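Report on the structure given below.
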Amino acid sequence: MSFLSNLGYVSRRAAQKERVRILYRRALKDTLNWAVHRHLFYQDASELRERFDANKHVEDPDTIDKLIADGEASYEKWRHPDPYIVPWAPGGTKFTRNPPPPEGIEIIYDYGKEDAEPL
């Protein structure tokens, strides 16, 4: 019985670590959307890291779950309404701007060459 309870604890902690990692990365990327200049981003990023480090030593799994839920709710509340999207990424302004031609259309690349006989 001890082995199964220990295994459940370890798997729960692994899932919590993954949720915290994902939350931190999403919040850090969203911080870049709010910062106009890089030096402002560095300041905001260090404040974000301090908020995560303040709860680094919490060991109770239920408390950790509550902190993660509070962090995710705070992220959803403060996320940027119009995030920056790389232009060529899905959702960007240049995504599929020049799609490939449809099937059956042949493109001829020998411009200026006629089929006339040489003189």
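Residue numbers for the sequence shown follow my numbering, beginning at 145 and rising by one.
No residue lacks a Cβ here, since even glycine has one placed at the ideal position from N, Cα and C.
Just so we're clear, the structure is a prediction, and the values are computed from it rather than from any experiment.
{"query": "Determine, using beta carbons only, whether tyrosine 168 and phenylalanine 185 come nearer to each other than 7 Å.", "result": "no"}
{"query": "For threonine 175, count neighbouring C-beta atoms within 10 Å of its own C-beta (all shown protein chains included) and say buried if the count is 16 or more, exposed if not.", "result": "buried"}
{"query": "Between which residues of its own chain and tyrosine 219 is the CB-CB distance below 6 Å, once the five residues before and five after are set aside?", "result": "Ala171"}
{"query": "Is the beta carbon of asparagine 177 less than 7 Å from the beta carbon of tyrosine 253?", "result": "no"}
{"query": "Can the beta-carbon of aspartate 188 be found less than 7 Å from the beta-carbon of alanine 198?", "result": "no"}
{"query": "Is the shortest distance between the beta-carbon of lysine 161 and the beta-carbons of chain C less than 7 Å?", "result": "Within the model displayed, chain C is absent; a lone protein chain is all it includes."}
{"query": "For arginine 163, tell me which candidate among Thr207, Arg182, Leu151, Ala213 has the shortest Cα-Cα distance.", "result": "Ala213"}
{"query": "The alpha helix (DSSP H) spanning isoleucine 212 covers which residue range?", "result": "205–222"}
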